[in-house]
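Peer 1: Position one of the sequence shown corresponds to residue 4 (our numbering), numbered consecutively onward.
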Amino acid sequence: MQCNKVFAILSFALTAAVSAENLSPGIVTTSPYVAQIEAHTATELDHILQRVDSILKEEQSYSVSSPVALVLHGAEIQAFLKSNYQQNQALVDLAAKLDAYNAVEIQVCETWMRLNGVDHSQLPPFISTVPYGPAAEAALVDQGYEYF
Numbered sequence: 004m005q006c007n008k009v010f011a012i013l014s015f016a017l018t019a020a021v022s023a024e025n026l027s028p029g030i031v032t033t034s035p036y037v038a039q040i041e042a043h044t045a046t047e048l049d050h051i052l053q054r055v056d057s058i059l060k061e062e063q064s065y066s067v068s069s070p071v072a073l074v075l076h077g078a079e080i081q082a083f084l085k086s087n088y089q090q091n092q093a094l095v096d097l098a099a100k101l102d103a104y105n106a107v108e109i110q111v112c113e114t115w116m117r118l119n120g121v122d123h124s125q126l127p128p129f130i131s132t133v134p135y136g137p138a139a140e141a142a143l144v145d146q147g148y149e150y151f
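Written out as structure tokens, the structure reads:
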């Protein structure tokens, strides 16, 4: 069975300063969220990464200790294959940069990889794998992530 969805796990949830009277100024709260995003093309995936990059640049209170986890399940994985680097260099380089800043964590579904003859060595070293993408997403939800 081929996985056809991308899940962006927004664990940073755009942290916001709490200004309630009973709390001290500058206290920051965060809530983990799970956003289900159907992205099956390099262009759509680039939009997601551009948004994370924009948030990282704009939000001074953004906590890079909680990266956005992208669990990829479909054809968009092909954008990261080393053989496709020339066509997707900007996307891969942005993903690598965001990974280096701990702003994203990209995980690829091993089930999809097996069904499509993709070996882990064909992916950049900053990309990790999970046995089955939907199960990885469910585990995050079990850890307290919420859909929005």
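Every residue, glycine too, gets a C-beta built ideally from N, C-alpha and C.
Tell me whether Asp-145 is buried or exposed, calling it buried when 16 or more other Cβ atoms sit within 10 Å of its Cβ.
Peer 2: exposed
Peer 1: Three or more beta-carbon pairs under 8 Å between the stretch 132-139 and the stretch 83-96, yes or no?
Peer 2: no
Peer 1: According to DSSP, is Val-71 part of a helix, a strand, or is it coil?
Peer 2: strand
Peer 1: Please report the straight-line C-alpha distance between Leu-143 and Lys-100, rounded to a whole angstrom.
Peer 2: 24 Å
Peer 1: Could you pull the start and end residues of the alpha helix (DSSP H) that Val-107 belongs to?
Peer 2: Premise fails: Val-107 lies in the beta strand (DSSP E), 107-112, not in any alpha helix (DSSP H).
Peer 1: Under the assumption that Val-111 contacts Leu-52 (Cβ atoms under 8 Å), give the Cβ distance between them as a whole number of angstroms.
Peer 2: Going by Cβ atoms, the distance from Val-111 to Leu-52 rounds to 15 Å, so no, they are not a contact pair.
Peer 1: Rank Asn-105, Val-107, Gln-81 and Leu-73 by C-alpha distance to the C-alpha of Leu-126 and give the top, closest one.
Peer 2: Comparing Cα positions, the closest option is Gln-81.
Peer 1: Where do the N-terminal and C-terminal ends of the alpha helix (DSSP H) with Ser-1 fall, by residue?
Peer 2: Shown here, the chain extends from 4 to 151; a query on residue 1 therefore has no answer.
Peer 1: Quick check: the Cα distance between Ala-106 and Asn-91, rounded to an integer number of angstroms?
Peer 2: 20 Å
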